Amino acid sequence: MSTEARRCEPLNPWRWLPWGGAAAALALLPLVFRHGFALTLLSQMGIMVIFALSYNMLLGQSGLLSFGHAVYSGLGAYCAVHALNLIGKGQLAFPVSALPLVGGVSGALFGVLFGWVTTKKSGTTFAMISLGIAEMVAACSLMLPGFFGGEGGVTANRTVGRAFLGISYGPATQVYYLIAVWTMVATAAMFALTRTPLGRIANAVRDNPERAEFIGYDTHVVRFLQLVLAAFFAGVSGALAAINFEIVSAEALGASRSGGVLLATFIGGTGWFVGPIIGAVVYTFFVGAISSVTKAWLLYLGLFFIVMVLFAPGGVASLAAANLRVAKAGLFGRLAPAYGAALGAGLAALGGFATIVEMIYYHELEAVNDPVLRLLGLRLDVTTAPPWFGAAVVLAAGGAAFWVAARRVRVRWNEVHERLGRGSA
Amino acid sequence: MEFFLVTLLNGVSYGLLLFMLSSGLTLIFSMMGVLNFAHASFYMLGAYFAYSISTRIGFWQALVVAPVAVGAIGMLVERFGLRTVHRYGHVAELLFTFGLAYIIEELVHLVWGRLPVDYRIPAQLDGPLFAIYGTSFPIYRGFMMLVSVTMLAALYLALTRTRIGLVIRAALTHPHMVEALGHDVPRMFMLVFGGGAALAGLAGVIGGNAFVTEPGMAALVGVIVFVVVVVGGMGSLAGAFIASLLIGCLQTFSVALDWSIAGALARLGLQPPPGLLVTELFGITVSQAAPVLPYLLMVLVLILRPRGIMGTREA
Amino acid sequence: MLAQTARSFAVAVALVVCAALPAAAQQVVKLAYIDPLSGPFANVGESGFKHFQFVIDDINRRNLAGGFKLEVVGFDNKVSPQESLTQLKKVIDDDLRYVIQGNGSSVALALADAIQKHNDRDPGHEILYLNYAAVDPDLTNSKCTFWHFRFDANSDMKMEALTSFLAQDKGIKKVYLINQNYSFGQAVARAARADLGRKRPDVQIVGDDLHPLGQVKDFAPYVAKIKAAGADTVITGNWGNDMTLLVKAAKDAGLDVTFYTYYAGGLGTPTAMGDAAVGHVKQITEWHLNLPTKETDRLAQEFKKKYNIDWYYGRVATAMYMLAEAMKRAKSAEPVAVAKALEGMRFQTELGEVEMRAADHQLIQPLFISTIERSAANGGPKEVKYDVENTGLGFKTDARIEASVSAQPTSCQMKRP
Numbered sequence: 006m007s008t009e010a011r012r013c014e015p016l017n018p019w020r021w022l023p024w025g026g027a028a029a030a031l032a033l034l035p036l037v038f039r040h041g042f043a044l045t046l047l048s049q050m051g052i053m054v055i056f057a058l059s060y061n062m063l064l065g066q067s068g069l070l071s072f073g074h075a076v077y078s079g080l081g082a083y084c085a086v087h088a089l090n091l092i093g094k095g096q097l098a099f100p101v102s103a104l105p106l107v108g109g110v111s112g113a114l115f116g117v118l119f120g121w122v123t124t125k126k127s128g129t130t131f132a133m134i135s136l137g138i139a140e141m142v143a144a145c146s147l148m149l150p151g152f153f154g155g156e157g158g159v160t161a162n163r164t165v166g167r168a169f170l171g172i173s174y175g176p177a178t179q180v181y182y183l184i185a186v187w188t189m190v191a192t193a194a195m196f197a198l199t200r201t202p203l204g205r206i207a208n209a210v211r212d213n214p215e216r217a218e219f220i221g222y223d224t225h226v227v228r229f230l231q232l233v234l235a236a237f238f239a240g241v242s243g244a245l246a247a248i249n250f251e252i253v254s255a256e257a258l259g260a261s262r263s264g265g266v267l268l269a270t271f272i273g274g275t276g277w278f279v280g281p282i283i284g285a286v287v288y289t290f291f292v293g294a295i296s297s298v299t300k301a302w303l304l305y306l307g308l309f310f311i312v313m314v315l316f317a318p319g320g321v322a323s324l325a326a327a328n329l330r331v332a333k334a335g336l337f338g339r340l341a342p343a344y345g346a347a348l349g350a351g352l353a354a355l356g357g358f359a360t361i362v363e364m365i366y367y368h369e370l371e372a373v374n375d376p377v378l379r380l381l382g383l384r385l386d387v388t389t390a391p392p393w394f395g396a397a398v399v400l401a402a403g404g405a406a407f408w409v410a411a412r413r414v415r416v417r418w419n420e421v422h423e424r425l426g427r428g429s430a
Numbered sequence: 022m023e024f025f026l027v028t029l030l031n032g033v034s035y036g037l038l039l040f041m042l043s044s045g046l047t048l049i050f051s052m053m054g055v056l057n058f059a060h061a062s063f064y065m066l067g068a069y070f071a072y073s074i075s076t077r078i079g080f081w082q083a084l085v086v087a088p089v090a091v092g093a094i095g096m097l098v099e100r101f102g103l104r105t106v107h108r109y110g111h112v113a114e115l116l117f118t119f120g121l122a123y124i125i126e127e128l129v130h131l132v133w134g135r136l137p138v139d140y141r142i143p144a145q146l147d148g149p150l151f152a153i154y155g156t157s158f159p160i161y162r163g164f165m166m167l168v169s170v171t172m173l174a175a176l177y178l179a180l181t182r183t184r185i186g187l188v189i190r191a192a193l194t195h196p197h198m199v200e201a202l203g204h205d206v207p208r209m210f211m212l213v214f215g216g217g218a219a220l221a222g223l224a225g226v227i228g229g230n231a232f233v234t235e236p237g238m239a240a241l242v243g244v245i246v247f248v249v250v251v252v253g254g255m256g257s258l259a260g261a262f263i264a265s266l267l268i269g270c271l272q273t274f275s276v277a278l279d280w281s282i283a284g285a286l287a288r289l290g291l292q293p294p295p296g297l298l299v300t301e302l303f304g305i306t307v308s309q310a311a312p313v314l315p316y317l318l319m320v321l322v323l324i325l326r327p328r329g330i331m332g333t334r335e336a
Numbered sequence: 014m015l016a017q018t019a020r021s022f023a024v025a026v027a028l029v030v031c032a033a034l035p036a037a038a039q040q041v042v043k044l045a046y047i048d049p050l051s052g053p054f055a056n057v058g059e060s061g062f063k064h065f066q067f068v069i070d071d072i073n074r075r076n077l078a079g080g081f082k083l084e085v086v087g088f089d090n091k092v093s094p095q096e097s098l099t100q101l102k103k104v105i106d107d108d109l110r111y112v113i114q115g116n117g118s119s120v121a122l123a124l125a126d127a128i129q130k131h132n133d134r135d136p137g138h139e140i141l142y143l144n145y146a147a148v149d150p151d152l153t154n155s156k157c158t159f160w161h162f163r164f165d166a167n168s169d170m171k172m173e174a175l176t177s178f179l180a181q182d183k184g185i186k187k188v189y190l191i192n193q194n195y196s197f198g199q200a201v202a203r204a205a206r207a208d209l210g211r212k213r214p215d216v217q218i219v220g221d222d223l224h225p226l227g228q229v230k231d232f233a234p235y236v237a238k239i240k241a242a243g244a245d246t247v248i249t250g251n252w253g254n255d256m257t258l259l260v261k262a263a264k265d266a267g268l269d270v271t272f273y274t275y276y277a278g279g280l281g282t283p284t285a286m287g288d289a290a291v292g293h294v295k296q297i298t299e300w301h302l303n304l305p306t307k308e309t310d311r312l313a314q315e316f317k318k319k320y321n322i323d324w325y326y327g328r329v330a331t332a333m334y335m336l337a338e339a340m341k342r343a344k345s346a347e348p349v350a351v352a353k354a355l356e357g358m359r360f361q362t363e364l365g366e367v368e369m370r371a372a373d374h375q376l377i378q379p380l381f382i383s384t385i386e387r388s389a390a391n392g393g394p395k396e397v398k399y400d401v402e403n404t405g406l407g408f409k410t411d412a413r414i415e416a417s418v419s420a421q422p423t424s425c426q427m428k429r430p
């Protein structure tokens, strides 16, 4: 046997850099963000990343739009918190660090329970069934106080059990690291799943179910397996949330959680593996940080979502990928000035719009105390005309400038892609 | 007997209101394949517009103007929103209407505030119509039933006796063929979407003062409307009619039934199986579950007969 | 044991140091208000926030807090327990030591638990939790904690008071219970059964319905059931739309019963019920606009003039004045000292003496039953001087229930620092 044939594959930087970089970032972030609130936000991002990735196993990879994915994460969370209570009472010997496995397994079991009958058809039928089941489970959660703990939910203490290597999960940093480790593991696992035959055939079932049947795969079984696996990872994320907050209540199963993960995944981009990760981070940032700054955050989120659906249905990831492709061919320089102009105009228009919205909310809720709204260093008296007029002018001017700039961007884009198509640099 | 009659009347009137709401959605769903999540938001807009108009001008003017205004908004939404998203597929269309529902609710918050508004039944329609065994049946409920039936009749006539109705009916079951025959399908889509929105707006005008007009009303009624459309079946207005009456009566009659699985088992002399979740689940009575029964019905229909009661095609 | 002694010592030292500081320094004590400030319940949360702001302005103006100035800061929790815990992290980061909350027992239970854990794990940075509206009895029974103080009568207490009034009405023969199917509604139904069974065993409970929360649009079938059962009285804990739609449906069907409710006066409900409620709907509260209270009346009128919102939470005034008094007595704004001064405190209000019971940190106060009537200006009884929400309808007092009547035994075993 010649030695050449046994030479190893060269190290592929495009494989090790992203994974290694992500791991390093996750490890070093708490050193930058020390405050309790920022750490909580990061923990929530980690949980949401797993949840969104599991959701994309259904939406992006199998073509199953589900309106009730929170059912699996919520039920997984409840089972995990009950297990945590049992550990606390000493009736169950199980390491807290491995509690997400309990959540995962219970999520998967519920996936088996609900999954077989729901995955017969895909498309709107599946969406509606998932909606119906979500409504029923959410209604049950309030009506059955024994398991679901009623309105107060079920609380637990995460510092129970024997501390392993000094890790008791009392401080928030330890919980963050637990979540970070699980996020890495779950992400790697789900990535690996996309590379398996099941993952590939799920893509085939998404694209052309009839043809997949012809080559011998039962679409029902494929969808069912994907659902069970997605439910497993959803349960993992639910259990991590239970550990993080030490409480699970009816909102863990609710429509807003299902809607939230749908928004997050879609905003990030369903066609790329990294899409839901981006979407989860953006969504958590919106809900957690932006909501503390402005009362109109839900309006902004809805508008952002609609703009994505209209103009970039592939999500942020698709935008990034398209531009990366251009950059790889070295043609990004042609686009950059047009982008810059559009960005500037867009920010101006957004500023004008946001000012008007903030002033409306302020007028409705706060103006009686003090008619002056302090926004980004400006003092705006909402009861007089000039701020409204000024904001309207900025909005109109920015909007017009954006319109012009956007057309320029499109012209440039077509130019660049024509060049790419011709194969020249 | 008394109870049965009263409950039947209540169930039928509630079902007819549901039909008013879901007829527009059935048309849109059947023709364009998009399940319009914002349909209930159009219902809400109709109620709010009617509130604003009726407090300034009058209820009867609101009855005419508000649905037209909502219909116009629907047409704009279709022309500038859905048409752009159409090429990305059904999922994107669904998501667009999903986001639209959020935005309409926030805009309603901005304009009318978050609290319920005082949209009242006009004085001429306030009061009992007749009394059955001592329970009075309000005039307004009768009015709701009348409007609903009139609307159904008008819709039926428009679809069967007019030319455009003929084309729309063809497009309900064979949209691609209609396109191939050269009809301006995009314009028809716009009209149908606007028409569906107007129907929802009309339902809002009628229903908003009987039930509470507040920003959460869309979310409350949104899911039930999907249930009706799904159970009734795609492409079938008659199916939607039957499904609305069925669901209306189901919800109304089940309130009176205090049966539960545990009770039934006890009658047979059996104990319910042990287990925390199971005991409680078996203890739930039908009346406690009444508002949630339509979802169960929807799930069962989708599993056993995805086509719906009278559907001509599958989703 | 050693840790406890060390902790107490540290606290004592801290107190001494604080006391030694020049008292002239106007120390500002910030109170974190964690309630919905955006989303569907923003109005309720905003209304509560303004109540607190208004009373605190009064306290600061009259220097009632022993040299301390109070300030309330809002944290939006969107009525979500998880979001509340996230906001609590912010509160801890900003080193605020007082939390105020009321909307939603789900949030209250989550906060009480989290604050207990925080105080255990991080001594020296304790946080005190003042609950002004969450009525789950567990908070002062099985889930009680030293750091939680409740200023509203809990749902069992309200039922005790309600049934005491009901028991005297010999005309009541058949009672129907209808409630929302979650912990609160289930608790109301349970308490009603138990209390009526004790006080008026001759009264028949002809129905006990639980419906899903916030889902029912058409209450006509429930009204038909009530009618078929022949009830003359309905007891319900429903709030919001569930309350409004029930009353409206009853009027539509010509059902002539009296509704005994907890939340008929809640924000937006009188407007939505309208004339349907006149003479039929009663509520049990610790205060309403037409009670003979000069000081609070003045506060309410000024409040209405400034914000065009009705003053609703009489107990917010009681809570803040008691907090100020506790700070004055403890000569400190440290939560541990203030808590010790607050528990067991007897405080004189315009409606009589109230007591913050030390055993479970539940405020024992007189309660009032009132009925919705047309205001005097609108042709109603002359006692209804003020109307609510500009509807021309207001509340007329039916009875005063003494504090001792509503007080309930407690199973609380709290750990004290």
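Residue numbers (my numbering), protein chains in the order written: chain U, 6 to 430; chain G, 22 to 336; chain S, 14 to 430. Using N, Cα and C, we set each Cβ at its ideal position, and we do this for glycine too. Model, not experiment: these values are computed from the prediction.
Determine whether the beta carbon atoms of residue i and residue j lie at a separation below 7 Å.
| i | j | result |
| --- | --- | --- |
| R116 (chain U) | V233 (chain U) | In the sequence on display, residue 116 (chain U) carries Gly and not Arg. Yes. Within cutoff. |
| V251 (chain G) | M133 (chain U) | yes |
| G319 (chain U) | G284 (chain U) | no |
| I47 (chain S) | Q100 (chain S) | yes |
| V130 (chain G) | P207 (chain G) | In the sequence on display, residue 130 (chain G) carries His and not Val. Result no, Cβ atoms of H130 (chain G) and P207 (chain G) do not sit closer than 7 Å. |
| K10 (chain S) | F42 (chain U) | This structure cannot speak to residue 10 (chain S), because chain S is shown only from 14 to 430. |
Run down chain G in chain order and give the residues with a C-beta less than 8 Å from the C-beta of residue i.
| i | result |
| --- | --- |
| L98 (chain S) | Result: empty, since nearest Cβ-Cβ is about 24 Å, beyond 8 Å. |
| F394 (chain U) | Per Cβ cutoff of 8 Å: no residues; F394 (chain U) is ~19 Å from chain G at best. |
So residue i contacts chain S; which residues on that side make the cut at Cβ distance below 8 Å?
| i | result |
| --- | --- |
| K300 (chain U) | L50, S51, A55 and D89 |
| R141 (chain G) | G287 |
Residue i bridges to which residues according to DSSP?
| i | result |
| --- | --- |
| A350 (chain S) | Bridge partners of A350 (chain S): none, in fact. |
| K187 (chain S) | S:Q217 |
| T156 (chain G) | G:I153 |
What residues from chain S crowd round residue i, counting only those whose CB sits closer than 7 Å?
| i | result |
| --- | --- |
| G237 (chain G) | P53 |
| V276 (chain G) | P234, Y235 and K238 |
Just to make sure I have the definition right: I need the residues of chain G whose C-beta is within less than 7 Å of the C-beta of residue i. Which are they?
| i | result |
| --- | --- |
| V314 (chain U) | V106, A113, L116, F117 and G120 |
| A144 (chain U) | V313 |
| P318 (chain U) | Y109 and A113 |
Against residue i, what residues of chain U qualify as contacts under a CB-to-CB distance less than 9 Å, listed in chain order?
| i | result |
| --- | --- |
| L131 (chain G) | A301, L304, V362, I365, Y366 and E369 |
Exercise. Per the contact definition of three or more C-beta pairs closer than 8 Å, is the stretch 292–306 of chain S in contact with the stretch 359–370 of chain S?
Worked result: Here the stretch 359–370 of chain S makes contact with the stretch 292–306 of chain S; the two share three or more CB pairs at distances below 8 Å.
For this session: Taking only runs that begin and end inside the stretch 201–277 of chain G, name each unbroken alpha helix (DSSP H) of 4 or more residues, in chain order.
Result: Counting whole runs of 4 or more residues, the stretch 201–277 of chain G contains the alpha helix (DSSP H) stretches 206–231, 238–253 and 258–275.
Exercise. Using 8 Å as the Cβ pair cut-off and three pairs as the minimum, do the stretch 247–267 of chain S and the stretch 209–229 of chain G touch?
Worked result: Below 8 Å, too few C-beta pairs join the stretch 247–267 of chain S and the stretch 209–229 of chain G to call them touching: fewer than three.
For this session: Run through the stretch 316–374 of chain U for me and flag every whole beta strand (DSSP E) of 3 or more residues, listed as ranges in chain order.
Result: none
Exercise. How do the stretch 226–234 of chain S and the stretch 235–254 of chain G stand: do at least 3 beta-carbon pairs fall below 8 Å, yes or no?
Worked result: With the cut-off at 8 Å, the stretch 226–234 of chain S and the stretch 235–254 of chain G touch.
Exercise. Which parts of the stretch 330–384 of chain S are runs of the alpha helix (DSSP H), unbroken and 4 residues or longer, counting only runs that do not cross its ends?
Worked result: 348–355
For this session: Taking 8 Å as the threshold, find out whether the stretch 52–71 of chain U comes into contact with the stretch 201–215 of chain U through three or more Cβ pairs.
Result: yes
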